[in-house]
Structures are given as C-alpha cells and as structure tokens.
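K.L.:
Before I ask anything, here is the structure I am working with.
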Amino acid sequence: MTVSGLMTVPLLAALLVWILKGRLLRTILLSAAAVHTVLTGYVYFKGEESIVLRGIELGCSVREFGFGVLAITSLLFLLVSLHLCSWLKSDARAGELRGESHGMSKHTLVSLLLLFLGTMTLTALAQDFGTLWVAVEATTLASAPLINFHRSKTSLEAMWKYLLLCSLGIGMALLGTMLLSAALPEGSSLAFDAVKNADPQWFKAAFVFCFAGYGLKTGLAPFHSWLPDAHSEAPAPVSALLSGSLLNCALLGLVNIRDAAPEGLTGFCNGFFICFGIISLLFAAFFIIGQKDFKRMLAYSSVEHMGLAVLMIGFDCGVLVLLHMAFHSLTKMMLFLTAGNILLAYGTRKIEAVTGVLTRLPRNGMLWLAGMLLICGTPPSPLFFTELVLVKQAGILWGGVILLLLLIIFCAMAYVVIKMCMGSAAAAEFPEIDCRAEKLTRIPLLVLMLIIFSGAALMAETIMRYVQ
Amino acid sequence: MNDWFGIVPALFLLSCLLLATSSRMLHLIRLVALQGILLGVLPLLSEGGHWGIAAVNIIIKGIVLPVLLYMAMKRASVQRELEPLVGYSVSAVLVLLFCGAGFWVAERLPLNSAMGPLAVAAAFTVLLTGLFIVAARKKALTQVIGFLIFENGITLFGIGMMRHHELMVELGILLDVLVLVFIMGIAVCQINREFAHIDADKLQNLDDLPDGEVKK
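The following block contains the structure:
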C-alpha cells in the first residue's frame with residue numbers, strides 16, 4: 021500500500037499539474053512532495069514494505085541501500101520544491117529585466133520534476149536488475165528536458181550530450197543485465213537476492229558491462245564528460261536534484277551489481293571500484309584547478325564525491341557509503357541553490373566576473389563560503405568523518421594518494437570561492453533581483469544548520485565513546 | 002524451422018553492411034524498420050514465443066519508431082549525411098571487422114542456447130555497428146539511428162540467448178526506447194532551429210580543455 025502510494029503520488033501529481041496547466045501549481049507540488057516524504061517516513065517506522073505487481077516485486081527494507089537512496093531523494097525533493105516556487109518567480113523576473121527569451125513553461129517544469137521524482141522512486145524500490153535498468157533509463161528521460169529549461173544553445177547542447185551518452189551507457193548496462201541472466205541457471209529470476217549462484221565467468225562479463233553503464237550514469241571519470249555540462253546548464257533547483265539525488269540512484273546500480281558477486285569475485289569487483297574511484301579523484305582535481313565557471317566547479321566536485329563513494333564501496337566501508345552520499349547530497353544541494361542565487365544576481369557563471377559576493381549578497385556569500393568548507397570535509401562536516409575512515413581503511417599508500425588529491429581539490433575550490441566572495445562588488449545591475457536572491461537563502465540556510473548539527477552530533481558521539 | 006534461425010541473423014549482418022555504407026536518411030530509416038520487424042519475428046520462430054511481445058516489438062520498433070524518425074527527418078529537412086567523419090568504404094571494411102570480432106566473441110562464450118553462435122555473433126556485429134555510427138557520423142539524426150541500431154543489437158543478443166525478462170520489464174524497455182527516440186526527435190528539430198544545422202560535431206561550446214571558452 022505504502023509502496024504503491026510512493027509510486028503513484030508523484031505520477032498522479034505530474035499528470036494533475038499538466039492538466040491544470042499551472043493552476044494550483046504550488047499546492048500540488050508541495051503536497052505531493054510532503055506526502056512522499058511522509059510515506060517514506062512511514063516505511064522507515066514499519067521496517068519493510070513491498071508489493072508484487074504482475075510478477076515484478078517493488079519494495080524496500082530499512083536495512084537495505086535502496087531505502088537510504090529513497091530517503092535522501094524524498095527529503096531533497098521536499099526541500100527543493102519549497103525553494104522552487106519562489107525561485108521560479110525570481111528567475112522569470114530576472115529574465116524579464118535582462119530581456120532574455122522565455123524558457124520552458126512553469127507547469128511543464130514542475131510536472132517533469134514530479135515525473136523525475138517518480139522514476140527515482142522506482143529506482144530505489146526496484147528489487148530486480150530488469151526493473152532497475154528500466155527505472156534508471158527512465159530517470160534520464162525525465163531529467164533530460166529539465167536541463168533545457170532556459171532553451172539556450174548551450175543548454176540544448178548539454179541536453180543532447182546527456183541524452184546520447186547516458187542512453188548509450190545505460191545500453192551497456194542492459195547488455196550487462198542480459199549477460200547476467202545468461203550467467204544464471206535457466207528460468208531463474210533476476211531478483212537481487214536470487215543472483216548469488218551466478219556462473220563466475222559469465223558474471224565477470226556481466227559485471228564489466230553493468231559497471232561501465234551505471235558508472236557512466238554515476239559520473240565516474242573518464243566517462244564523466246556529460247556531467248559538468250548537464251549540471252552547469254540546468255537551472256539551479258534541477259542541478260541540485262541531479263547532483264543530489266540522481267547520482268545516488270545510479271550508484272545504487274553499482275552497489276547492487278557488486279552485492280550480487282558470487283564468492284571469490286568480490287576482490288575482482290573491488291579492484292574496479294578502487295581504480296575508477298582514484299581516476300575520478302584525479303580528473304576532478306585536474307579540472308577544478310583553473311575552472312572558469314562556478315557551477316562547473318561544483319559539478320566536478322560531484323565527480324570527486326562519487327569517486328570517494330565508489331572508493332568506499334571498494335574498500336568495504338559498509339554503511340559509511342550511505343552516510344557519505346546523504347551528506348554529499350545535502351551539502352551539494354545547498355551549494356547549487358546558492359550558486360543559483362549568485363547566478364540570478366550577477367547574471368553570469370564566469371568566476372572572473374563575480375567578485376565581492378560577501379558585500380553585495382552577504383547571506384549568499386556566507387552560505388557559499390560555509391558550503392565550500394563543508395563539501396571539502398572541514399569538520400564538523402560529516403564528510404570529514406567518512407573521508408577520515410576511508411583514508412584509514414585504504415592503508416598508507418592509497419590513503420596518502422587520496423589525501424593529496426583531496427588537498428588539491430580543497431585548495432582549488434577555496435581559491436575560487438574566496439576570490440568570488442572577497443573584493444569589491446560592482447554596483448547591482450538590478451537591485452530588485454539582488455534583494456530577491458537574498459530572500460532565497462532560507463532553504464540553503466536550513467540545510468546548512470542541519471548539516472552542521474548532524475556533524476556536531478556525530479563528533480560528540482565519537483568523543484563520548486572515547487571518554488567512556 | 003531451424004533454417005530460419007540461420008537466415009534471420011544473416012539478414013541482420015547484411016543490414017549492418019548496408020547501414021554503414023548508405024548516406025541517405027530514408028534508406029537508413031527503412032533498414033532500421035526492417036531490423037525492428039525481424040526482431041519481432043525472431044521470437045515467434047522458437048517454440049512458445051510470446052505473441053504479445055512480438056506484436057508490440059513489431060509495432061514499436063518496426064513502425065512507430067521509424068515513423069518518428071521520418072517525421073524528424075522531414076521537419077529538420079535533412080536528406081543525407083554528406084561528409085561523414087569516416088568514409089563509406091572504410092566503414093564497410095570496419096563492419097566486416099566487427100563481424101569477425103562478433104564471431105570471435107561468440108565462439109568463446111560458453112553458449113547453451115538453441116540458436117547457437119550465429120545469432121550472438123550477429124548481435125555483437127549489430128551492436129558495434131550502432132556504436133560506430135554514433136561515433137562516426139556528424140548529423141544528430143544519424144546518431145539517433147545509430148543508437149537504435151545499438152539497441153536492436155542488445156535485443157537480438159537477448160533473443161539469441163533465449164532469455165526473456167518478465168513481460169513488464171520487456172515492455173518497460175520498449176517504452177523507454179520509444180520515449181527516448183521521441184525526445185531525441187524533438188531535440189533534433191530544436192538543434193536544427195537553433196544552430197541552423199544538425200551537425201552534432203559542431204556542438205562544442207561546452208568544453209573544459211584550453212580553447213573551450215565558457216559562453217554566457
């Protein structure tokens with residue numbers, strides 16, 4: 021019941037928004053998001069929920085990875101939809117003042133967003149590899165038009181790259197899924213817990229293709245080239261969801277294929293995770309240095325964090341991966357929303373054209389600075405703890421490499437963010453927009469508090485354990 | 002009955018050769034439609050094939066998708082791929098190489114299916130040809146066709162292995178592909194309008210390497 025509710029609420033709401041063409045937009049969006057969150061909370065307290073629909077099982081249990089992804093997605097969507105309504109007004113006003121052409125209509129955006137939520141929910145609830153594939157491909161389809169919200173040349177280009185590359189990549193995962201079914205005895209299902217007795221030779225082939233497919237969608241280097249384009253061209257709330265929720269959904273595919281590995285092949289799989297994790301960190305470090313566009317910088321930081329998450333999987337850090345993903349999602353969402361506000365006020369994504377954010381937009385400047393410190397793992401950010409355990413788990417050699425790369429990324433990001441925040445600001449082009457951008461800081465501020473408090477709680481708990 | 006199992010993969014191999022060497026969009030679309038219909042017919046040849054799935058396959062892959070592509074072609078008014086990145090004669094040789102690679106892979110896999118290595122070899126050839134067309138052609142529409150060929154290859158592989166997903170999953174995959182081609186068709190028209198051409202290789206405003214300037 022709860023599970024079918026989780027699936028139908030976003031889809032029905034999307035349909036309703038589409039039919040009503042923008043009337044009651046805010047009410048429908050917020051109530052759908054709230055109901056989704058409440059249902060997710062209900063699943064948490066119940067422990068386990070599932071339904072069987074025409075032979076396909078959908079469901080999740082609190083102990084599983086999928087529930088974590090569902091919870092993050094649900095919370096993030098609620099927060100973003102609270103932010104979205106006022107953002108839409110400000111964005112329309114800014115477009116009007118700057119004389120930019122109209123983009124996608126509001127109700128199309130909102131109904132696609134709800135559809136996107138529905139497909140991500142399906143990904144988290146999927147219990148077999150076939151459904152998982154269908155759901156992950158559907159997330160690409162629902163999110164691609166969202167990237168083209170402003171209908172500019174560059175956003176069209178980003179959408180095209182995203183569609184083509186992700187679909188080809190996910191096609192690889194489909195091939196992997198077919199190979200996986202060939203690895204199993206005739207007539208067995210592809211359910212996650214039923215694939216343990218796969219033939220090792222076939223499983224290796226299946227794993228490689230699934231890794232390539234879901235890894236591309238996760239944005240692991242060197243298959244990441246679509247990610248900075250898509251995340252920087254999308255409007256801020258969409259970027260927040262793409263980076264915060266969608267990447268987790270793709271990572272879920274990687275986690276599931278690894279958990280399906282027959283005995284003796286876990287080492288083989290972990291090798292892939294470690295290798296591509298390090299490559300992702302390397303690419304992120306290389307491309308964050310000298311980055312000219314601040315939203316692209318955030319996108320590369322997402323590549324970095326997906327690399328870290330994959331490394332955590334490879335080094336068997338267990339539930340830590342989920343913790344890392346959750347706080348990366350929250351922090352990155354807050355950063356993308358703040359970046360959206362800065363973009364709104366300054367009208368450009370070029371780093372060199374943005375100076376004096378702290379004087380011109382004090383609240384946003386503060387959030388921007390604090391967010392940068394948190395995403396780089398400065399305590400009390402919970403990311404500090406997860407990265408610390410990862411480095412410890414990875415041993416001297418790999419741990420050293422990871423620390424060095426993290427340091428490079430920190431320096432590069434700090435340089436950019438401090439340069440943007442300090443200095444003197446040019447007079448505001450449109451004071452009204454600056455004022456609106458300052459008012460849009462409520463949700464990011466709330467998230468910032470949440471992150472700092474959870475980090476502080478984690479730290480307090482650790483210290484208490486040490487004291488006792 | 003068993004003869005048909007040999008003929009259909011052979012037809013797939015032939016269609017790959019034709020796909021890689023023809024420049025006319027209409028021709029490419031017709032060949033993709035032919036592949037779609039063959040994919041629908043193939044499961045019927047084996048015992049206990051799903052009639053429902055076969056019918057949906059023929060309708061979506063053989064009729065609806067080619068019609069969508071045709072409409073996109075008309076609206077973007079593009080007739081042929083004039084300057085491919087890789088010439089047509091070289092493409093033909095490459096497809097033959099893919100074919101060899103396909104047979105090499107099929108020989109090596111421990112197969113236990115009724116259809117034998119021929120279908121798997123054909124599947125890999127189709128798949129590689131699709132990837133090649135995406136990489137070696139400039140027009141956005143040709144890339145969409147390349148993606149469809151790639152997808153056909155994967156489906157053929159699934160049929161060749163005599164493995165079927167659950168009905169719902171099968172339908173889900175088809176629905177995904179349908180929506181994808183629909184969105185891509187719209188995107189092709191938008192690219193045509195914004196850039197006054199649909200050469201995807203000119204889509205390089207977004208780049209991080211030294212000469213890539215951020216435009217905004």
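Chains as they are written, first to last, in my numbering: chain E, 21 to 488; chain S, 2 to 217. Heads up, the beta-carbon is just placed ideally off N, CA and C, and yes, glycines get one too. Model, not experiment: these values are computed from the prediction.
1. Relative to the C-alpha of Leu-236 (chain E), which residue among E:Leu-274, E:Met-440 and E:Ile-71 is closest?
2. Buried or exposed: where does Trp-246 (chain E) fall if 16 or more other Cβ atoms within 10 Å of its Cβ makes it buried?
3. Check distances from the C-beta atoms of the stretch 445-479 of chain E to those of chain S and list, in chain order, the residues that come in under 9 Å.
4. Can you name the residues of chain S whose CB is closer than 7 Å to the CB of Val-154 (chain E)?
5. Roughly how many angstroms separate the alpha carbons of Ala-164 (chain E) and Ile-483 (chain E), rounded to a whole number?
6. Using a Cβ-Cβ cut-off of 8 Å, state whether Val-57 (chain S) counts as contacting chain E.
7. Buried or exposed: which applies to Leu-73 (chain E), given that a residue is buried once 16 or more other Cβ atoms fall within 10 Å of its Cβ?
8. Mind the definition here: the stretch 445-465 of chain E touches the stretch 356-374 of chain E only if three or more C-beta pairs lie below 8 Å; say whether that holds.
9. Skipping 5 residues on each side, what residues in its chain have a beta carbon closer than 7 Å to that of Ser-24 (chain E)?
10. Count the other CB atoms, across all protein chains shown, that sit within 10 Å of the CB of Ser-523 (chain E); report buried if there are 16 or more and exposed otherwise.
11. Can you tell me whether Arg-113 (chain E) is helix, strand or coil according to DSSP?
12. In chain E, what lies closer than 7 Å to Val-180 (chain S) by C-beta?
13. Taking only runs that begin and end inside the stretch 111-198 of chain S, name each unbroken alpha helix (DSSP H) of 4 or more residues, in chain order.
14. How far does the alpha helix (DSSP H) with Glu-324 (chain E) in it extend, from its first residue to its last?
15. Of the residues that make up the stretch 249-283 of chain E, which ones have a beta carbon closer than 7 Å to any beta carbon in chain S?
16. How would you list, in chain order, the residues of chain S whose beta-carbon sits under 7 Å from the beta-carbon of Ala-53 (chain E)?
17. Per DSSP, which one or two residues make a beta bridge with Leu-31 (chain E)?
18. Do Thr-93 (chain E) and Met-140 (chain E) count as a contact pair if the criterion is CB distance below 8 Å?
19. Pick helix, strand or coil for Cys-80 (chain E), following the three-state DSSP scheme.
20. Taking contact to mean at least 3 C-beta pairs separated by less than 8 Å, is the stretch 196-206 of chain S in contact with the stretch 172-183 of chain E?
21. Do you know offhand how far Met-2 (chain S)'s Cα is from Ile-64 (chain S)'s?
22. Under 8 Å Cβ-Cβ, which residues of chain A neighbour Asn-206 (chain S)?
23. When the Cα atoms are used, what is the spatial distance from Gly-191 (chain E) to Ala-34 (chain E)?
24. With 8 Å set as the bound, which would you pick, yes or no: does the beta-carbon of Leu-183 (chain E) sit closer than that to a beta-carbon of chain S?
25. Can you check whether the C-beta of Phe-307 (chain E) is within less than 8 Å of a C-beta belonging to chain S?
26. Quick one: what's Val-72 (chain E) bridged to in DSSP?
27. Distance cutoff 8 Å, beta carbons only. Does Met-124 (chain E) sit that close to anything in chain S?
28. Under 8 Å, do Ile-453 (chain E) and Ser-110 (chain E) count as touching if we go by C-beta distance?
29. Which residues in chain E sit within 7 Å of Gly-159 (chain S), going by Cβ to Cβ distance?
30. Within 8 Å of any Cβ in chain S, is that where the Cβ of Trp-38 (chain E) sits?
31. Sort E:Thr-379, E:Leu-378 and E:Gly-360 by Cα distance to Lys-370 (chain E) and report the nearest one.
32. Does the Cβ of Thr-28 (chain E) have 16 or more other Cβ atoms within 10 Å, making it buried, or fewer, making it exposed?
33. Relative to the C-alpha of Gly-14 (chain E), which candidate in E:Thr-238, E:Ala-162 and E:Gly-115 has its C-alpha closest?
34. Exposed or buried, which one is Val-68 (chain S) when buried takes at least 16 other CB atoms within 10 Å?
35. Between Pro-400 (chain E) and chain S, is the shortest Cβ-Cβ distance under 8 Å, so that the two count as touching?
36. What does Gln-144 (chain S) reach in chain E if we use C-beta pairs closer than 7 Å?
P.N.:
Let's see:
1. E:Leu-274
2. buried
3. none
4. Val-170, Gly-173, Ile-174 and Asp-177
5. 45 Å
6. no
7. exposed
8. yes
9. Ile-71
10. Nothing can be reported for residue 523 (chain E), as the shown portion of chain E is limited to 21 through 488.
11. helix
12. Leu-161
13. 117-137, 141-161 and 168-196
14. 314-334
15. Asp-249
16. None at all; the shortest Cβ gap to chain S is about 24 Å.
17. BP columns for Leu-31 (chain E) are empty, so no partner.
18. yes
19. strand
20. yes
21. Here the model assigns Met-2 (chain S) a pLDDT of 47, short of 50, so the residue's position is not dependable and the matter cannot be decided.
22. Here chain A cannot be found, since the structure's protein chains are E and S.
23. 27 Å
24. yes
25. yes
26. E:Glu-77
27. no
28. yes
29. Met-198
30. no
31. E:Gly-360
32. exposed
33. No statement about residue 14 (chain E) is possible, as the shown extent of chain E runs from 21 to 488 and does not include it.
34. exposed
35. no
36. Leu-184
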